[in-house]
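> Structure incoming, see below.
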DNA sequence: GCTTTTTACTACACGGCGTTGCTTTAATCT
DNA sequence: AGATTAAAGCAACGCCGTGTAGTAAAAAGC
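Protein chains in written order, with the numbering used here: chain A, 87 to 437; chain B, 87 to 437.
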């Protein structure tokens with residue numbers, strides 16, 4: 087279905103998305119969005135009334151009236167984002183521009199259960215929002231969890247190592263306890279949302295590779311996060327890369343994750359990064375993406391080695407340059423992305 | 087950009103897409119599209135005026151006025167589709183429902199050049215359109231070509247084995263010679279369009295695996311064909327599946343295609359189909375799709391074996407059933423999909 | 001220093017979109 | 001036969017982006 091409300095929301099999101107990249111003018115917005123100048127004027131005035139944009143000076147580009155610069159009011163809306171790992175909970179506060187303003191980290195007990203988790207989440211969230219936060223600016227909380235889970239219904243299915251989590255309606259539980267809107271997604275997806283939200287239209291086809299104890303990816307395809315039929319896409323760690331390779335915990339053998347972890351365990355960094363490199367090269371060919379972002383504990387421990395390992399394995403065709411980088415958000419990428427996922431529910435393009 | 091014309095085109099396409107699956111009523115269209123009954127009435131009356139739909143009887147579902155059945159006028163619009171292989175050109179005529187009405191096949195000379203090809207294409211197209219075709223119903227021609235090529239600009243880059251094809255603006259050449267709108271896409275993409283167009287909303291996340299001399303895939307993700315930044319996505323044949331495997335023509339080693347072709351060459355059908363099965367299982371995990379369609383000369387020669395090989399390797403989790411099938415379009419799938427790609431340019435959802 | 005030109009931006013009427021509220025039509029139920 | 005139920009159409013409406021025309025503010029020309 088598509089109606090006029092959809093139309094307006096869509097165009098508002100397009101303009102706001104362009105404004106996120108930095109100071110712009112109405113004329114540039116019209117050029118880059120394809121909207122007419124009048125439509126841009128209307129959209130911009132709506133956004134100014136809502137406090138999301140402000141005029142900030144002028145820019146002269148030749149003869150004629152100088153263009154009015156428009157700037158995002160980054161702190162007009164804020165969101166919290168949480169990363170849930172098997173041993174740790176991290177919550178960050180970000181603004182509309184995707185800047186991390188504050189963070190809190192707490193350990194989680196071994197094999198924690200849902201009530202324990204929700205209480206701990208509430209404690210960290212309260213700590214972050216009490217400080218300087220007028221509550222009307224805080225939009226909600228995003229949660230990046232390990233899969234499998236269902237993004238649409240907000241239910242955690244049965245993550246390995248967390249025995250008390252079978253079909254837990256986490257979004258509903260958290261919304262009730264926190265009194266705030268909550269969105270739930272896989273950690274790899276929130277991580278790629280972080281990159282997409284911050285870099286805007288520039289990033290349309292990208293993969294974020296999260297290398298920790300496992301190896302998962304978040305896919306941004308044609309500007310949208312690809313989640314698959316059951317929010318389960320991105321399970322790349324258990325892709326076969328050596329048909330007759332060593333057995334893996336997943337039951338199959340020769341998986342990327344198994345080979346990588348074996349190499350890493352015996353201290354063979356070159357081999358470990360090379361396996362990630364081959365795997366990423368395969369992805370680039372399969373999906374035809376132009377950006378690869380590396381993240382996760384393993385990568386952040388040896389960023390240069392992983393960068394080299396991946397870059398060395400990529401196809402060298404000059405007409406297909408692939409940009410490989412380490413996430414500038416570091417350990418915050420999953421939590422910050424969860425916050426931006428929530429921002430995008432309010433200010434991203436409607437579905 | 088999104089304006090009112092976009093809005094109308096979008097809703098028209100939604101309704102027409104639902105009507106493609108078979109006879110429907112306005113009430114059902116409203117339910118399934120999310121549009122209000124009144125909006126559906128307006129859309130339907132537009133489509134009836136354009137000759138795309140007709141009322142055809144009533145269906146009684148209880149008390150009250152019976153629902154009016156609406157039927158797609160399948161032959162109100164027609165399109166031609168071409169498949170270009172290294173030794174053969176195939177052109178088919180399809181209607182709005184995706185039914186193949188007629189076909190023509192001709193051999194192509196070894197390492198044919200663009201002018202030769204365009205002439206041969208024109209000859210086959212003329213043969214098909216002279217017969218019974220009032221030209222106002224024929225919308226244009228779609229071409230499924232081997233990659234790499236650029237779907238947006240309609241330029242063929244440099245397919246291996248065709249030395250005269252370096253950056254050839256095939257879409258422009260063909261449009262000029264045929265006097266019809268032309269779209270160009272990779273053969274794997276047109277093939278998956280064929281499945282998507284025929285099966286409608288039912289098919290939203292699927293992969294079509296085309297096994298011939300090479301192994302390529304077409305990806306339908308969230309209802310849209312994923313082409314990647316440079317229309318080059320789907321090069322799955324050269325994905326590494328055996329790190330220390332035999333060298334491949336692509337310069338790397340242990341590629342799916344190399345291993346499959348080696349097994350097939352030595353007549354080991356079990357091994358060949360098993361390799362495709364592992365590769366497809368990897369894809370299902372990575373992309374979280376629920377439909378896999380097998381196609382291509384190798385598959386059509388041994389359909390049962392490939393079906394078994396793939397089904398045996400898929401994860402058995404009951405909550406993730408994956409439907410595996412052989413394309414019912416057989417050898418026509420690429421050409422028919424090219425025709426449907428052209429239909430979708432006119433009657434599919436606008437971008 | 002004044003006018004002209006160029007460019008940025010906006011006020012307003014308009015056509016087109018889906019929506020709302022009501023009416024008409026055509027079945028079944030009592 | 002009348003009541004009830006459901007489908008579908010009609011008309012008024014609110015809101016969307018657009019087209020036209022106008023205003024504002026700078027540089028350029030003389």
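We put the beta carbon where it would ideally sit given N, CA and C, even for glycine.
Anything in the region 312 to 327 of chain A with a Cβ closer than 8 Å to a Cβ of chain B? List those residues in chain order, please.
312, 313, 314, 315, 316, 317, 318, 319, 320, 321, 322, 324, 325, 326 and 327
> Starting from the beta carbon of residue 97 of chain B, find every residue of chain A whose beta carbon is closer than 7 Å, and list them in chain order.
88
> When you compare the CB positions of residue 241 of chain A and residue 256 of chain A, do they come within less than 8 Å of one another, or not?
Residue 241 of chain A places its beta carbon less than 8 Å from that of residue 256 of chain A.
> Cβ atoms of residue 100 of chain A and residue 119 of chain A: under 8 Å apart, would you say?
yes
> What does the Cβ neighbour count give for residue 236 of chain A, buried or exposed, with the cut at 16 atoms within 10 Å?
buried
> Classify residue 192 of chain A as buried or exposed, calling it buried when 16 or more other Cβ atoms lie within 10 Å of its own Cβ.
exposed
> Which two residues bound the contiguous alpha helix (DSSP H) that contains residue 200 of chain A?
Under the DSSP assignment, residue 200 of chain A falls in the alpha helix (DSSP H) whose first and last residues are 200 to 216.
> Can you list the residues of chain B that residue 368 of chain A reaches, using a CB-CB cut of under 7 Å?
325 and 326
> Using a Cβ-Cβ cutoff of 7 Å, what residues of the region 345 to 373 of chain B are near chain A? List them in chain order.
364, 368, 371, 372 and 373
> With 8 Å set as the bound, which would you pick, yes or no: does the beta-carbon of residue 291 of chain B sit closer than that to a beta-carbon of chain A?
yes
> So with Cβ pairs under 8 Å, would you call residue 308 of chain B a contact of chain A?
Residue 308 of chain B counts as touching chain A.
> Please identify the residue among B/302, B/129 and B/144 whose C-alpha is closest to the C-alpha of residue 138 of chain B.
When only C-alpha atoms are compared, the closest one is B/129.
> In whole angstroms, give me the CA-to-CA distance for residue 227 of chain A and residue 245 of chain A.
Rounded to whole angstroms, the separation of the alpha carbons of residue 245 of chain A and residue 227 of chain A is 21 Å.
> Have a look at A/381, A/124, A/298 and A/310 and flag the residue whose alpha-carbon is nearest the alpha-carbon of residue 291 of chain A.
Nearest C-alpha to residue 291 of chain A: A/310.
> Checking the sheet assignment: what are the DSSP bridge partners for residue 111 of chain B?
B/155
> Using C-beta distances below 6 Å, list every residue in its chain close to residue 432 of chain B, excluding the 5 sequence neighbours before and after it, in chain order.
225
> Less than 8 Å between the beta carbons of residue 165 of chain A and residue 429 of chain A, yes or no?
yes
> Cβ closer than 7 Å: which chain B residues qualify as neighbours of residue 409 of chain A?
Within 7 Å Cβ-Cβ: nothing; residue 409 of chain A doesn't reach chain B, min ~11 Å.
> What first and last residue would you give for the alpha helix (DSSP H) that runs through residue 351 of chain A?
342 to 351
> Is there at least one Cβ from chain A nearer than 8 Å to residue 229 of chain B's Cβ?
Using a CB distance cut-off of 8 Å, residue 229 of chain B does not count as an interface residue toward chain A.
> Check distances from the C-beta atoms of the region 123 to 138 of chain B to those of chain A and list, in chain order, the residues that come in under 9 Å.
125
> According to DSSP, simplified to helix, strand and coil, what is residue 143 of chain A?
strand
> Measure from the C-beta of residue 199 of chain A to each C-beta in chain B and report whether the shortest distance is under 8 Å.
no
> From the beta carbon of residue 376 of chain B, is the nearest beta carbon of chain A less than 8 Å away?
yes
> Closer than 7 Å, Cβ to Cβ, to anything on chain B: give me those residues from the region 326 to 341 of chain A, in chain order.
Answer in chain order: 326, 327, 328 and 329.
> Sorted by chain position, which residues of the same chain lie with C-beta nearer than 8 Å to residue 348 of chain A's C-beta, five sequence neighbours on each side aside?
332
> In angstroms, rounded to a whole number, what distance separates the CA positions of residue 384 of chain A and residue 298 of chain A?
Their Cα atoms are separated by approximately 5 Å.
> Within 8 Å (strictly less), CB to CB, does residue 415 of chain B reach chain A?
no
> Would you give the residue range spanned by the alpha helix (DSSP H) that residue 328 of chain A belongs to?
Residue 328 of chain A -> no alpha helix (DSSP H), and no H or E assigned at all.
> Which whole runs of the beta strand (DSSP E) in the region 274 to 310 of chain A are 3 residues long or more, in chain order?
292 to 297 and 301 to 307
> Between the region 273 to 288 of chain B and the region 342 to 362 of chain A, do three or more beta carbon pairs fall short of 8 Å?
In this structure the region 273 to 288 of chain B does not lie against the region 342 to 362 of chain A, because fewer than three pairs of beta carbons, one per stretch, are closer than 8 Å.
> Is the beta carbon of residue 418 of chain A sitting closer than 8 Å to the one on residue 178 of chain A?
yes
> Do residue 327 of chain A and residue 303 of chain B have their C-beta atoms closer together than 8 Å?
no
> Just how far apart, CA to CA, sit residue 376 of chain A and residue 249 of chain B?
Roughly 27 Å separates the two Cα atoms.
> Determine the burial state of residue 163 of chain A: buried for a count of at least 16 other Cβ atoms within 10 Å of its Cβ, exposed for fewer.
buried
> To be precise: take each residue of the region 167 to 188 of chain A, compare its Cβ to all Cβ atoms of chain B, and keep it if any distance is under 7 Å. Which residues remain?
For the region 167 to 188 of chain A, the beta-carbon criterion of a distance under 7 Å to any beta-carbon of chain B is satisfied by none of its residues.
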